[in-house]
Every structure is written in C-alpha cells, then in structure tokens.
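The structure appears below as structure tokens.
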Amino acid sequence: MDSNSLSVTPLASFPPPEQWDDWRELDGRAWPKRVERRYSLIPTTCFNCEAACGLMAFVDQETKEIRKLEGNPHHPGSRGRNCAKGPATLNQVYDPDRVLYPMKRVGPRGSGQFERTTWDEVLDTFAARVRKALQEDRRTEVMYHVGRPGADGYMDRVLQAWGVDGHNSHTNVCSAAARLGYTLWSGYDRPSPDYANAKVILLISAHLETGHYFNPHAQRILEAKMRGAKVIACDIRLSNTASMADEWLAPRPGTEPTMLLGIAHVILRDKLYDAGFMEQWVDWRGYLAAKGQRESDGGGGDFAAFERALTEEYASFTPEHTAAVTGLTVEQIEDVGRAIGGAGSAFAAHVWRNSASGNLGGWQVARCLAFLNALTGSVGSEGGTNPSGVNKFVAKPFSSPGPQDVWSELLYPREWPLAHHELSFLLPHLIKDGVGKIDAYFTRVYNPVWTNPDGCVWIDVLRDESLVGLHAALTPVWNETARWADYVLPMGVATERHDLMSQETHAATWIGFRQPVLRTFLQRQGVKVEWTYEANPGEVWEEDEFWIALSWRIDPDGALGIRKHFESPYRPGERITIDEYYRWIFENSVPGLPEAAAAEGLEPLEYMRRHGAFLVKDQVYRTHEAEVPTAQLEGAKLDEAAAVATKDGTVVGPLVDGKVRVGFHTPSKRLELHSQTMADWGWPELTLPAVIESHVGEANLDRDQNEFVLVSTFRLPTLIHTRSANSKWLTELSNTNPVWIHTSDAQRLGVETGDLVRVTTRVGYYVNRVWVTEGVRPGVVACSHHLGRWRVKGDAHGVNRWQLHDVEIQHPEPGQYLFRRTRGVAPFDSDDKDSDKVWWSEGGVHQNFTFPVQPDPVSGMHCWHQKVTVGKAEPDDRYGDVFADTNRSMEVYREWKAMARPAPGPGGLRRPLHFKRVVRPTEATYRIE
Amino acid sequence: MQYGFVLDHRKCIGCHACTVACKAENDVPVGSFRTWVKYTEIGQFPAVRRHFAVLRCNHCTNAPCVTICPVTALHKRDDGIVDLDRDACIGCKACIQACPYDAIYLNDDTGGAEKCHYCAHRVEQGIEPACVTVCPERAIVPGDLHDKDSEIAQLAQSEGATVRRPEQGTGPNVFYLGADPVSLEPGTAAEPSTYLWSERRAPPPEWPADHDVHPQATTVLDVHHPVLWGWKISFYLVTKGLAAGAALLAPFAAQLGLTGFGRDALPEVLALVFTAITVVFLIGDLKRPMKFFRLITRPNTRSWLVKGGWVLMGFSAVTAAALALRFFGQHGAADALRWPNALLGMMTAGYTAFLFAQCEGRDLWQRTPFVFTHLQVQAVLLGAAALTIAAPSLPLALVATAATLVHLGLVVSELYGRHHTANARQAASLLRTIPAWPGSRRRAVVEGLQFSTASPLLLLGLILLGYPSAVAAALLFGGAAVGVFWYEQALLRAGQLPPLS
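In order, the protein sequences belong to chains A and B. Just so we're aligned: the first sequence equals residues 1 to 929 in our numbering. Just so we're aligned: the second sequence equals residues 930 to 1430 in our numbering.
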C-alpha cells in the first residue's frame, strides 16, 4: 500500500495473532526503502525487573536474529505494554561484552584471569563436588544464592531433591521488613492492591517508575487517577511517582509509622472506620485479652469496648503531634486521614522498599499501613488491597520431593527467629564468625560484592578457598562478584531461557511463560534441539536445563534418591527434557489451561509457547470469606463466644455470618492487630502497630556536624540494580548518580551542582558530585545505587564498557580498601556501531562498599538508610574514590547483632511454625537440640 | 488527512519507554533521539514537582524543514506525515536549522538527517507507531486529526490542549494535554551543569545575569542538540561577501581610484576566485559532499539553498562573461555588464538573508530586511578592503570606513535592540558570550568588532597622514575579513544555542 491509498481504519497495536507465525513487516531501518522482512513472533517474559511483563520477540526468519522486542497483548498483567527496560532487552542479547561461553578461572582466585571451558567439564566438576558433600552429609555446605529468581519454585524442587538446606536469596536487602509487617497482620507477606478500582491510593513506594510491579501497577494506578481517584505518594525524595501524585508526603526519615498512626487517629477519631468489617475480621478479642493481661483488669469486653480501647490506644497521635514529629502539616494529616477514611473499602495501599527498607524498625511501616486497610475494611475488597498470595498462582511440577531434614544457620541464624527471610547479606559475616562454611556455592543473577552493603567483607570471604570451596557465578552478564568465582557460567536473558512466573499485579491470577525464542523458532522449523545452548548465542545456557543435567550427574545410578525426581513422567527411567517438564505442568497443574488449549486445537505446551501467558482466574476478591470445606471441619468445635471453629487447640477458621470461613494465615485466622507471636518471641513491647525510633531518626543526628540521612535505595525508571546493565539505550539515558542535596543544605556547605563532596559513613567514605535540588527533603541526601560499575585495572573481563570504569584497589592498612579509578567510561571498539559514540565519561560512584551491614533485630532486614556526614571533598580526593574499613564494619555488624533477641522461642523452636520459611524443612529441624 | 499525536501528560509517567522503543524500531544511534522525554522541576520543597514533556517532530502543516530541504528529501505525505528520505539527503543540515522543535538529527554514521517518520512503515500496514504500542499509560494517542470523530481529534480540541511554539506558525500536529507550560517553553528553566541521573553532554548556554528564567524551574533531564553550522559557514559568508562586494563596487572602480588591472579586471577576478572558494566550502560543509549534484538534479525550488545556488551560478556566469569581454577588448560592454552584475552581487551577498528567513528555528537570523542590509554592508566592507590591496586610495578607505561604521551600528542594535521573540532575545543575549575560539575568555563579537572597526580607521589614518602602503592595505583586508568572520561565528553559534525543546 502506498501513501496515496489512505486508510481511515484505526491503527492496531499489534499484528493480528493469526499472522504471528509468518508476519511480514516493512523494515524501519531501511525506510523509506520498502524492504519487507518476515518474522516469527514468539512471546516470552521480561527478565529485567521482577514484574514478569510479557514480551514479543520478532525473530527474523532469514537471519535467525531477534530484530526487536515489543509487548505481548495476551499477557494479563502487562497487557502488551512495557517500560523502557522491555525493548532494551535487545541490547542485552547482542551486547558486545556479554559472556558467551562457560569460563574457568586460571591462576589464583581473584586474579581476574579466566579461560573458556566446556559445559561437560563444568557439570562433571560440580556434580562430583555436590555428590561428595551429600555422601559426607555436609548438606548445609551446598548453597544456591539467588538475586533475581525469575521463576516460581523451580529451585525449591531441585534443592529438596538434593536434600540440602541451601536456598539463599536477596530478600533481606529488599523487602524483608515489609514482609514481616504484613505477615503479622494476615500471614501473607505482601499486599496486592486493586489499584484500578480504588478511590484512594497510598503509595509508600514509587510504583509509577519502579518496584513490584512497576509497569502493570503504573497502568492501573493511572487508570484510577484518570477516573478521579486520589493518589498519595510518600517518599523523602521527589520521585516521578510523587510528581504525578495528588499529594506528596515527605516526612522526616523514620517517622513514617507516626504519620500512618496519625492517619489512623483521624479515622478513629472521626469514626470513619468500617466497624462491620473489623468486628468480623479483626481479632479484636485477642487485642482486648492482651490489653487486659497487660493492665491486669481481666480483659474481655465487646466490640464497643474494643472501639473505645482502640481509639484510646492511638489517642496520642493527634494531627498536631504527628505534624510535629513528621514535619508534615496538620492539614496534610487531616486531609489524608479523611480521604482514606472516606474511601472505605476502595483504599489501595502499598509499601515497597522505601522507608520500610531504610529504617531500623522499618517493618512497622507495613504494620501501620496494613492497619489502615484493616480500619477501612479494604482487605480483599474491590478497589482495596488483597493479600498477595491470593493473586499469585504457583503451578505444581510433576514431582515434589519432601522437605529436607536439615537446617542451615547460615541461612536462618538463631539470632533473628522472625526474619523474613534468609540473612543473605550477612553470609560472609556469619562465615567469618564460624557459623559454617560453603563447599559448593552457586550464585545466580546475584552480585553481592557490588549490590550488598559491606562488599569488601564479601571479597574477603569469597577469595578464601577454605571458606568458600568452589564457586560458580551463573549470570547473563559479567559482574563484580564473578571476578572472585571459579567458574563464570553464562545464563540466558529474557529471550534465552525457560521460566514460569506469576505475580500479584491485580485482582486476578495468571502465569507467564518465559521461553528461549530462538530454540522455539528452530523447533518450529523442524530443527532438533537437545539443549537450549545450541540455539542461544554462543553457548549461553539456561538454569532449568543446567540443574536437570547437573542433578542427573550427581546421582547417575539413583543411589542418592535424586535421580527419580529428574526422570521423565512420560518416558520412565529416561532423563526429563525441559519440554516435558513444562508440558506436564501445563497439562496437569493449571486449571482451565488444557481446555483453553483444546479450544484452539493446541496441546497445552504449544498453547503457552504461542500465547506466552494464561489468565488462571479473574476478579479475585474476598478470598478470606470462602467457607472451609466440610471435610476439614470434621472434629472441629464451634466457639460462639470467640466466633471461631477450633480443632486440637488450633483455630480452623473464623465464624462469620454463621459459617466457618478460611480467614487469614494467622494463628487466630483473623487479622491480628495484637500479635501474640511478637510477645512470645521476646518482643512484648511491639505487639501492636507502633513507632520504633529509627537509627537515623532526628534524635540520632548531630546536625551541627553536618550529619545527614543518606537514602541510597531509590531506583530509576530506566535501570534495575546491576541486571539492566549491558544496555546502551538505558545507559545513555541514565549514566551517573550524583548526590542529591537540598538547596538550603548546599548553601550551608558552600557547594554547587557539579562540585565534589565527600560522603562519610561509619565505616568509609566516597567522593561524588553533588546535585543541588528542591526535590529532596532538607537534611536528607539521596544517591541512587544503580551506577558506578567497575573493573579491576588489567582484567580482561568487565560488566560492560557502556558503564564501567577501571579501578586500582589499595589496602592502606590491613582490612582497609581504597578504590581509586584509573580510567573513566570511554568510547570503545566493538561490533556495535554505537560503541564509538559513548559521550558520557564518569559513570557514577559505587557507594554500597561504604555501608556497614545493619540487620534489623526483628525482621532481619538490612536497614539501608545511612547516617553520613557530607562535606566538600578533601584536597587529595578524586571523583569516584571509595574507601571502606572492614575492621570497623565487622564492629558495626556485631553492634547490630547484639540488638537481636535470639531463638529459641516457645517450645524450643528456631522460628514460629506459622511463619513462612523459604524451602521449608521438616518440622523436626525447627527444634533447637 | 493529517496524522498527529496527542501527548497526554495527565498520564505520562516519564518512563522513557517510547524513547527506547523508537530506538529499537528505527535503529537510532546512541546520542540521537527521534523522541525523548525532558524533565523539568518546578517549585520549592515540598511544593515541587517534576514535569515531563515528550518531545518530537510535530509533523507540521507548514513544515519549515520541507521548505528548506534543497533536495526534497523531506516531504509531506498525503497522510500528513512529514517523512525524510535519508538516502536522498545531502547532509546540508539546513532542516535542523529550520525545525523550531529540535526534532531532526544528523546520523554521524551515514551523514544523513533523520527524524520521526511516524513509523510510516508500520502505519502503512495498519499498525501504530512503536512509541504508541509500548506506552504503559496509553499517553500517546495517534490518529487522523482531520477525522472529527476520532479520539485524537476530540482530545486535541479539548480544553487545555496546547502545541509547542505556536508563534512559529508551523501548524504543529502534536498536541499536549496537561503539560506544564514551562516544560514546553524552551529556555525558560534554569540549566544546570549536569542532570539528576545523567551527565550533560555540553555545558549549558552561558546566559547573561539578566537572562529571564522562571525563578523556580530547572531542567533536570534532557538530551543534547549539537551546533551543526560552524566555521565553514562563517568562512564562506566572508568569501561570498567579498566576491559580492567586489562586484558591487566594480561600477565605481574608476571613482574609487582604481587603475589598470585593478580598474579593469580585479573586481571580476576577486569575484570569481572567491565565489569558487565559497562553493568549495559550501560543498565541503555538506555531510555528503559527493552528492552535491542533487541540488541540480532534484532541486526543491522553494529552498533558498537551491535559489542561492542559482544566484551563485548566475553571478559567476555574468562575472566570467565580463572578464571574457574585457579579454577580447570589449571594454564598453564589460563596463556595462558591471551594472547588472552589481545587482547579482547584491543577491549573492544577500540571498543568505532569505535562507536564514527559512530557518524557523533561529529567530535571531530571521529579521530579513536587517540581515539583507547587513550582508550588503559587510560585502561593501569586504569588497573595499580587498580592492584596497590594488590601490590604497582615500575613496576606498572612506567607503570601507563608512561600511564598518554602519556594520558596528547594526551589530550594536542587534546586541541591544529589541527582539520580538523569546528565542531571538535569548540568542541576542548569547551573542555577547560566544568565545573567540573554544575555551577562550575573549569574546568573538568584541574581537570581531575591534578588528573590523580598527583596521579601516587605521588605514584611513595612514592615508590621511600620507603613508598609503600595500602593507597597511593588507592589514585592512585581513582585519576586515577576520572581523566579519568572528562576527558571523558569533551570530551563527548564538543563533543555534538557545534550546528549542
């Protein structure tokens, strides 16, 4: 068609699905020449942030290359749309600096020298190592440490088949605090707000630019806003989200719980709460009983007594008091309180990282926020906030090995029995303390040396072969941690791997399928592909197949009981293929999927390969109201006074409107305002939503000494930790991380935008440029963590030359590290035509080295906010200098550890049995002998 | 039919998805953008917000880039899309001067200009542009603005819908909803030396202290737009002025004290030689110089680059004819030809004013009568200065002195006079700040005026004192040429520095 035959039909967003197999499209790169190209459109799932949005790979049938990535219109969460990181995946596939072959260390560990090896050699080496550990019953010495899982439960099965307690994660540098706060209320550790239908949305997060789950959530938040919903954002620096919000709340750091309880006060004072909901679903009896015990008046009373007591409980959080503490205005507290109270059950709220992850006691932010959901009856309601788990669907695989009967204190040390979850960021500290060691260590899309606090202690431990025996870094791209590994194993990006994911993006449940699109393309062409690395660039593999192949070699004859979990359910005795693994799940574990596939004349696996996603259930609301199946009520007693059904001393479900309901995953099966768990586990003063003085609270800062609160956790809309590296299109948009400082503070310090400042923490300092702005609270400095990627001078490998600078590492004293850059970012030669166009040169400063670990004594969360002093750079300081003293940082670690209250808890347990635990072991292991 | 966009900034979250999707779709080089997002922070804590503006080609109804493109590489399609045939492009960069929205860039790999083409290759197949498909918020609404029932037409007519820089009269077909005026009004926010999470590729313009900006607005993220017309253009403005000036003064050669070769042939020789040098630099400034012949084979007759080429050809032809007549002894005819050739000389010097008039992005250059007059004055100055070498006569020195004083007056009025648009005011204020050479603290316009003013006065003084020398004349020539060159450098650069987006 030429431009003269004008079409007036509306433009479509996507090629029609019936043409996906053979889509002809004019090539934008050749325009205005009309060059037609033929593509196979193959859906997959994004692997940059955690949202698991749908992508559509345009595979050029002639060149067998991926031409571009667009959205997948069949994806229920992302609905065909993406953020910048979706289409940027193309850069990651064809980045000139990616690792294409398995690499093996040559020379001493940490010498930075690697050579190419074979997958066969890798599998044999690690199979022998793991097999020996299992045979010698060293089942806490095999560890899989994951940064971004990108899958639901795949590894749980592998590790439990091996019988090890070895699943480590990144959770406690991310979301542990909020998880505890939510768990105490409902037993679910996350919220799943129904933004699209909300009347008021409170974001203690930046969901219009990042977070779980940025793009899907941002779509629905704006839908509500355009319909008239009020959006309130809380952040101590100006986020894009705060900019778009109707109300921006920027309280003093650490005072967010006070702010929330001030809001609760307004709702209680003005009786805006949903008494009907609370009477039925909040365990107010438990609250009254505990209050009675506390005040020795016997407790008890009816709901009206509870209402009076609760109003009294929070009577001191007047708007005036709240405003004085938080630095907000009385009007803001009143307005927001009345707005939220007025929204009733259509109040959607989320805390994601933000203050929960920044402050000592940050878990109370979630505890106090969920309080507002309980007050307004907006739990599980339309436009309210679902518990996360009800909007997530994890499909069962063909075989589920039983729980391991071993407990690793490197994962769940006894000091933090209520942690959510593994004390991952303390791993090197715990090893140094002699809690354990590792014989086979698999890091997987995980870069602790760079991402975690106190990275120098990580370097100390990772380079010591007596502490970490054999280390494989499984990663799509080179990273700073890989340098200290023995093997660097290239694993695929979004278009190069299988995974099954589900995320709580809205009031529904869905699954998204990630697939190696070139493999799928070749298979459709009739090419036989045994392993995915045959179809991927170089020999880039995928973990799913790697673990099957490795497990098969660990137990070749089945003597260890592992092999049977990796035998095909379709071909007895044969090794399972990845196709068979997912085929079984789609045929047997996903309700409605076989029928949907049949309707299109497809097998379920083929249906998922073509659609990439499946909506399991829509309109999921009020799941707590479901009735407990009669079978489970056999032998249960109804306690009308307590309004519960009980069996063997435990609550089966709340009695509501004459029926036993499933309720929530708490001991009382109701929402727990009072948490007896907290009292039982050593924290009787923290059973209620309350305020904990933050380590960076105003009282702990000496303003005369130029002490500031440093916010280091905020993400940019374009980057996601170290994973979105290797993208030229993202890096050209965001390539530095100056220290944001308020105009008034800059004037006091005598610095202007672009000047060098030294930011000093308790254990080190860094030198960076300053960005003077009105977009940060006075007294707060903010520095985003994404930038500052480095390579040790002389190393052949580095993360990518779009971002990296070279450093020299010096040790002024034993245990001290000084990183000084020898070369900045610069144009480079490569096959990429853009590599000579790099115009930026500084590339940011890696600040996390200067942070000591600060484990919250209750949640185990690393409390990210740092107390720092900021001053002009010293005469010898240079941009990018980073200094850290591990002697000091170990002292700070011990200081924080001393605040914890160790297990055992009631019954000699390591952890409450009703708390979630990742890759849960047998109940017997919970008891400390 | 007129395709256009509504950019709904009530919904845009500034995520840059459109930017990256466009790069993937169209293979846009690193450092260049067909669509980008500018961030502007306005206000004081806590009453401060970051405002986003998605900026791109406006597919104008009266697209100035189409008018100026000498080889019809830029053209308006029947569906209203302004498309660019990057293979036909000769890399003259005029479209980049003509676009008041900074929407066109030069691809350094190919030497061709490129811009948003509304993903015409997708639209022809019934698929939305890539930026529309990716947008998480459906904040980019495509469609036919002429179809009154379409969503886009209704949004574009809704209350508060605005366009960028309506004063340019381009008829933009990209409409904005909910964007802060400051973020759409270039140059009204403070420009820091770096951005909130990106380095800045070039330092901000050195605004003078009295530069009028919103007191609480700062541009905190933006992309770079290079200055593309530089010293080669300034240089050929000098050589062209000189050639034209020689022809302008030729009818008066005798009265100016010229004799012999200087009277008979020097004006034509100067005109021919310097026109040739002009053409060499004109072609040398093309990014695809070997394709210059397209100016003749596929001319856009509306473009003053093409018309200027015709003027240069006519001027050269008549000048050569005059020389030939002189060679064959036809002095009367040769002298007679000098009068029409003086008119051609005026056009040679002055056509740049009409070309500048087509540079819709450079308001300072667009004062056509002023620029035309100024170019004549410069031509007279340069012509007189060049002829002085043959005869350092009092009349020539007086002509040069008169010209340079008028030049001085014109520059002063440019610096301190009233300018009618914000862009022209910004450029005029920057005119003072342009360094004489990169990194210098000396100012080009000051140095230029000193040279161009001092040298004729010096020569005049020497002549009046009775020391007319060839050395002094050469000094005058050099001083005048350098002075005009510096002024042109300042004018060109200052015109291109104020942000358009």
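Backbone N, C-alpha and C fix where the C-beta goes; we use that ideal spot for every residue, glycine too.
When DSSP reads this structure, methionine 491(A) sits in a beta bridge with Trp541(A). Boundaries for proline 572(A): no beta strand (DSSP E) harbours it, and the DSSP string shows neither H nor E there. Using a C-beta cut-off of 8 angstroms, the stretch 1121 to 1133 of chain B makes no contact with the stretch 1089 to 1100 of chain B, since fewer than three inter-stretch Cβ pairs fall below that distance.
Proline 993(B) has a beta carbon lying at 9 angstroms or more from every beta carbon in chain A. Isoleucine 741(A) is bridged by DSSP to Val772(A), Val781(A).
Residue contact with chain B for arginine 571(A): absent (no Cβ-Cβ distance below 9 angstroms to any residue of chain B). DSSP places asparagine 168(A) within a strand segment (E or B) once states are collapsed to three. At a cut-off of 9 angstroms between beta carbons, leucine 26(A) contacts chain B.
Assignment of valine 696(A) by DSSP, reduced to helix, strand and coil, places it in the coil class. Contact between the stretch 1398 to 1407 of chain B and the stretch 1354 to 1370 of chain B is absent: fewer than 3 CB-CB pairs across the two stretches fall below 8 angstroms.
Residue contact check for leucine 222(A) against chain B: a CB pair falls below 9 angstroms. Look at the stretch 450 to 532 of chain A and you find these whole runs of beta strand (DSSP E), each 3 residues long or longer: 468 to 475, 487 to 490, 499 to 501, 509 to 514. Out of Cys1028(B), Ala1032(B), Val1000(B), the CA that lies nearest to the CA of glycine 1020(B) is found in Val1000(B). With its beta carbon less than 9 angstroms from one in chain A, glutamate 970(B) belongs to the interface. For tryptophan 729(A), the chain B residues whose Cβ falls inside 7 angstroms of its Cβ are Val949, Lys952, in order along the chain.
Under the three-state reduction of DSSP output, serine 192(A) falls in the strand class. Considering only Gln515(A), Leu410(A), Pro591(A), the residue with the shortest C-alpha distance to isoleucine 578(A) is Gln515(A). In the three-state scheme derived from DSSP, where H, G and I count as helix and E and B as strand, cysteine 951(B) is classed as helix.
Residue pairing by DSSP places threonine 443(A) opposite His145(A), Ala473(A) in a beta bridge. Here aspartate 486(A) is actually not in contact with arginine 129(A); their C-beta atoms are around 10 angstroms apart, not less than 8 angstroms. For serine 205(A), not one C-beta of chain B is nearer than 9 angstroms to its own C-beta. About 5 angstroms separates the beta carbon of alanine 873(A) from that of valine 767(A), a gap short enough to meet the 8 angstroms contact definition.
Using beta-carbon distances, proline 717(A) counts as an interface residue toward chain B, with a partner under 9 angstroms. With its beta carbon less than 9 angstroms from one in chain B, alanine 84(A) belongs to the interface. DSSP places threonine 1297(B) in the helix class (H, G or I) of the three-state scheme. Counting of Cβ neighbours within 10 angstroms places arginine 367(A) among the buried residues, the total reaching 16 or more. With distances taken between CA atoms, glutamate 415(A) lies nearest to Lys897(A) out of Lys897(A), Thr922(A), Pro906(A). Residue-level contact check: histidine 74(A) does not touch chain B, since none of the beta carbons of chain B fall below 9 angstroms from its beta carbon. Annotation: Cβ neighbours of lysine 940(B) in chain A (cutoff 7 angstroms, chain order): Leu222, Met226. The Cβ of serine 1122(B) sits closer than 9 angstroms to at least one Cβ of chain A. Residues of the stretch 780 to 803 of chain A with a C-beta less than 7 angstroms from any C-beta of chain B: Ser784, listed in chain order.
If you ignore the 5 residues before and after phenylalanine 614(A), its C-beta comes within less than 6 angstroms of the C-beta of Ile511, Leu593, all in its own chain and listed in chain order. Within chain A, Leu716, Thr718, Leu719, Leu733, Ser734, Asn735, Thr736, Asn737, Pro738, Trp771, Ser784, His786, Leu787, Gly844 have C-beta atoms less than 9 angstroms from the C-beta of tryptophan 1126(B), given in sequence order. Taking 9 angstroms as the cut-off, the beta carbon of alanine 1286(B) is found closer than this to the beta carbon of valine 1300(B). Among the residues facing chain A, alanine 1313(B) is not included, as its CB has no counterpart in that chain under 9 angstroms away. Here tryptophan 1268(B) is exposed: its Cβ has fewer than 16 other Cβ atoms, across all protein chains shown, within 10 Å.
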